[in-house]
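Engineer:
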Amino acid sequence: MFPVRRIPRTGLLVLGVGAFGLVLGSGVIPVPCPLKLLTGLDCPLCGGSRVAGALLQADLARALDVNAFAVLVVLPLVAVVLVAMARVELGRARFHWPAGRLGSVLGYVLLGAFLTWGVVRNLPFEPFTVLRA
227 MFPVRRIPRT GLLVLGVGAF GLVLGSGVIP VPCPLKLLTG LDCPLCGGSR VAGALLQADL
287 ARALDVNAFA VLVVLPLVAV VLVAMARVEL GRARFHWPAG RLGSVLGYVL LGAFLTWGVV
347 RNLPFEPFTV LRA
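Heads up: take any position in the sequence shown, counting from 1, add 226, and you land on my numbering.
1) Please go through the same chain and pick out, in chain order, the residues whose beta-carbon is closer than 6 Å to the beta-carbon of Gly-442, but skip the five residues on each side of it.
2) Among the candidates Leu-308, Ala-287 and Val-292, whose CA atom is the shortest distance from the CA of Gly-274?
3) So the alpha helix (DSSP H) Leu-267 belongs to, where does it begin and stop?
4) What's the C-alpha gap between Gly-279 and Gly-253?
5) To the nearest angstrom, report how far apart Pro-260 and Cys-269 are at their CA atoms.
6) Is the beta carbon of Thr-236 less than 8 Å from the beta carbon of Met-311?
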């Protein structure tokens, strides 16, 4: 059996993220995007609650249609971070994230991808208009 008691922070984080995803995905509490409310522009994570709902219904095609970046980049990144956190708490690793130069490079690549997606999905001409949430 997996030693859940030895990973209290990661376990609590997984429970919290899971509960938050269930609440958002079910539509019980609609959470509007503040950037979209203020500017009319989609942020890089706009449509996240609809992505969660689609994934809860096992509709990967719809989730990708709503926000491919969230499905293909953010969700795997969250999974990697949670696994890394569990490995640290179990004593199998020393760092949550790759340390040193590699960690910095990966962080900048992720930031660049996040900003690029935010700009590209708001371009007002074809074929980019289909990327809006």
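The C-beta atom is built at its ideal place from N, Cα and C for all residues, glycine as well.
Structural biologist: With the structure as the only source:
1) A query on residue 442 cannot be resolved here, the shown segment of the chain reaching from 227 to 359 and no further.
2) Val-292
3) Looking at the DSSP string, Leu-267 is not in any alpha helix (DSSP H), and its letter there is neither H nor E.
4) 8 Å
5) 9 Å
6) yes
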